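Colleague:
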Amino acid sequence: MHMSRKTAGFLIGLAAFMIFEWINLGFNLADGHPTSFYVVHGILIAVNIVLAVALGVIGLRGWAQRSQRPPV
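Numbering (my numbering), first residue to last: 318 to 389.
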């Protein structure tokens, strides 16, 4: 897989933003909602954290691979 540094950097930045945003949302959920509200948002947070980690790993691999290739 060939990836530009710009694309790899974008994926790393997007992953960092997603992790920050969803963890922040998790801490800011107000009390007083039904249990189902927290269950649904907990699942959303977990899925988005997993997606962010996957995007971050892809971005980091692309960034490292791009720096190891000899210049053309």
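All C-beta atoms, glycine included, are put in the ideal place defined by N, C-alpha and C.
Computed from a predicted structure; not experimentally measured.
How about Ile-362 and Trp-339: are their beta carbons less than 7 angstroms apart?
Modeller: It is a contact, given that the beta carbons lie within the stated cut-off.
Colleague: Am I right that Leu-368 and Met-335 are in contact with their C-beta atoms under 8 angstroms? What's the rounded C-beta distance?
Modeller: 7 angstroms between Cβ atoms; contact.
Colleague: For the alpha helix (DSSP H) that contains Ala-333, what are its first and last residues?
Modeller: Its alpha helix (DSSP H) spans residues 322-345.
Colleague: Does the beta-carbon of Gly-330 have 16 or more other beta-carbons within 10 angstroms, so that it is buried, or is it exposed?
Modeller: Gly-330 comes out exposed.
Colleague: Assign Gly-359 to one of two classes, buried (16 or more other C-beta atoms within 10 Å of its C-beta) or exposed (fewer than that).
Modeller: Gly-359 is exposed by the Cβ-count criterion.
Colleague: Give the straight-line distance between the Cα atoms of Phe-354 and Asn-365, rounded to the nearest whole angstrom.
Modeller: Going from the Cα of Phe-354 to the Cα of Asn-365 covers about 17 angstroms.
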